[in-house]
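What follows is a set of notes on a single structure, which appears directly below.
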Amino acid sequence: MPPPPYMDLAFAAAEAAAARGEVPVGAVLVDPVAGRVLAAAGNRTEELCDPSAHAELLAIREACAARGQPRLPGCDLYVTLEPCALCAAAISFARLRRVYYGAYDPKGGAVDHGPRFFTQPTCHHAPEVYSGIGETRAGALLRDFFRDRR
Ligand SMILES: [Zn+2]
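Numbered as in this note's numbering, the sequence shown ends at 199 without a single skipped number.
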């Protein structure tokens, strides 16, 4: 398993999201062959008044637009929190190669919890999943954010 420096970029995007009053989740899309970051994004649901403006979705959209392609085969996503059902579906549709995620999300996650999207027979492309990457840091970021809001 590569020690992913890209996860640090995802954390930076999550911290920037928190500073904007968004739930602190950050995502980075990488082309591992070129060693290039295609997109980095944090949640923007409040700012865009869009319940689907999750970090993963925004990163996938940005990278697809930059490439002029509707799918990103061979590309990897780094995200600070376990993706939800919506994002898991987008990851599958985008044909991503790997997903590295930080904190587990037993309440809203859809990879290792809930619908376990990638294991369903209706899921036609499943990425390799590496979970718990920087889990402590990712969990602390979310805890601090919600504590400060109460
Ligand atoms: Zn999501």
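Where is the CB? At the ideal position from N, CA and C, for every residue including glycine.
Cβ neighbour criterion (16 or more within 10 Å) applied to His173: exposed
Check: Pro132 C-beta below 7 Å from any heavy atom of ligand 1: yes
Near ligand 1: His103 beta-carbon under 7 Å from a heavy atom: yes
Local Cβ density within 10 Å of Phe60, reported as buried at 16 or more and exposed below that: buried
Leu191 vs Ala152 beta-carbon contact at 8 Å: yes
Cys172 CB to nearest heavy atom of ligand 1 below 7 Å: no
Assumed close pair Ala90, Ala115 - CB separation to whole angstroms, cut-off 8 Å: Incorrect: roughly 12 Å between the Cβ atoms, too far for contact.
CB of Ala112 within 8 Å of CB of Cys124, strictly: For Ala112 and Cys124, yes; Cβs fall inside 8 Å.
Cys124 beta carbon near ligand 1 (any heavy atom closer than 7 Å): no
Identity of the residue in Gly188, Gly183, Pro122 and Arg196 nearest Val82 by Cα: Taking Val82 as reference, the option from Gly188, Gly183, Pro122 and Arg196 with the minimal CA-CA separation is Pro122.
Environment of Asp99 [buried if 16+ CB atoms lie within 10 Å]: By the neighbour-count rule (16 or more Cβ atoms within 10 Å), Asp99 is not buried but exposed.
Pick from Leu97, Glu64, Arg93 and Tyr150 that is closest to Leu78, judged by C-alpha positions: Tyr150
Whole-angstrom distance between Val86 and Val148, CA atom to CA atom: 14 Å
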